[in-house]
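All you need for my numbering is the position in the sequence shown, starting with 1, plus 520.
Positions of the beta carbon are idealized from the N, C-alpha and C atoms, including for glycine.
It should be emphasised that the depicted structure is a prediction, and the values quoted were computed from it without experimental measurement.
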Amino acid sequence: MKVRKTIFIIILTFAMEYSAFATDMSKIYKKAESDAKGGHADFAFMGYRKVLSANPKESYKQQALFAVAEYYYKMSDHKNSAKYFKEYLKVSKDENGRLFAFVYLMKLAKIEKNESLIVDLESEIKLVKRNSFIFDNTKEYSFESPLNRNHRAVYYIDKIEFYVEKENIASIFF
């Protein structure tokens, strides 16, 4: 009987710690989101990094990976940016987020002048979305990154244009 009580107390203790940890993780994630929306990318980055270091559940992990990768990209830390975008692509199912992760990786490959990787990434980008243009000349897709940056892809019959905020960051031709 004492053994069962002891096991029960141990299990209950771990469950309570896990619950408190999950609540703390949620608070850290929400704070990082709030910092990003408030225009405090540095603080948001620190929060998202903290979320990643705690091995979060999938939804937090995806958002945190993209945010950290995008922050590194903005800071010209190309090696870490590529690392986190690749990790994001492994876990994310979000087509729009995946599309822009590929675009960022393509931009990094262009910086490194890696022509074969550029060609491979352009092919991947073309496959992310399947479009038909029966009644429209264009199709647009939007994505708001976890760092609160607006991304937009405009598909034409012969090309795709990519924008972050209102800046055209890349174009791919068919």
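Judging by CA-CA distance, which residue of the options is the nearest neighbour of residue i?
| i | options | result |
| --- | --- | --- |
| aspartate 678 | Lys599, His671, Phe693, Tyr591 | Phe693 |
| glycine 558 | Arg650, Pro666, Ser601, Ser662 | Pro666 |
| asparagine 575 | Lys599, Ile548, Arg618 | Ile548 |
| lysine 659 | Tyr675, Ile645, Asn668 | Tyr675 |
| asparagine 657 | Ile680, Phe622, Ser596 | Ile680 |
| alanine 599 | Leu625, Gln583, Asp544 | The amino acid occupying residue 599 in the given sequence is lysine; alanine does not appear at that position. Comparing Cα positions, the closest option is Leu625. |
| glutamine 583 | Met595, Glu553, Glu632, Lys633 | Glu553 |
| tyrosine 661 | Glu644, Asn668, Tyr683, Leu609 | Tyr683 |
| glycine 617 | Lys627, Ile631, Glu590, Lys633 | Glu590 |
| valine 611 | Leu647, Asn634, Lys577, Lys550 | Lys577 |
Who are the Cβ neighbours of residue i in its own chain at under 7 Å, not counting the five residues just before and after it?
| i | result |
| --- | --- |
| alanine 629 | Leu637, Ile638, Leu641 |
| valine 588 | Phe565, Tyr568, Arg569, Leu572, Tyr604 |
Considering only residues of the same chain and omitting the five flanking positions on each side of residue i, which have a CB-CB separation below 8 Å?
| i | result |
| --- | --- |
| glutamate 664 | Asn670, His671 |
| glutamate 685 | Arg669, Asn670 |
Taking residue i as part of the alpha helix (DSSP H), name the residues at either end of that continuous run.
| i | result |
| --- | --- |
| alanine 629 | 615-631 |
| arginine 569 | 561-573 |
| glutamate 642 | 635-648 |
When you compare the CB positions of residue i and residue j, do they come within less than 8 Å of one another, or not?
| i | j | result |
| --- | --- | --- |
| glutamate 615 | lysine 649 | yes |
| alanine 556 | valine 623 | no |
| alanine 561 | phenylalanine 586 | no |
Can you tell me the Cβ-Cβ gap for residue i and residue j, rounded? I've got them flagged as a contact below 8 Å.
| i | j | result |
| --- | --- | --- |
| methionine 545 | tyrosine 580 | 7 Å |
| isoleucine 645 | leucine 609 | Not a contact, Cβ separation roughly 12 Å. |
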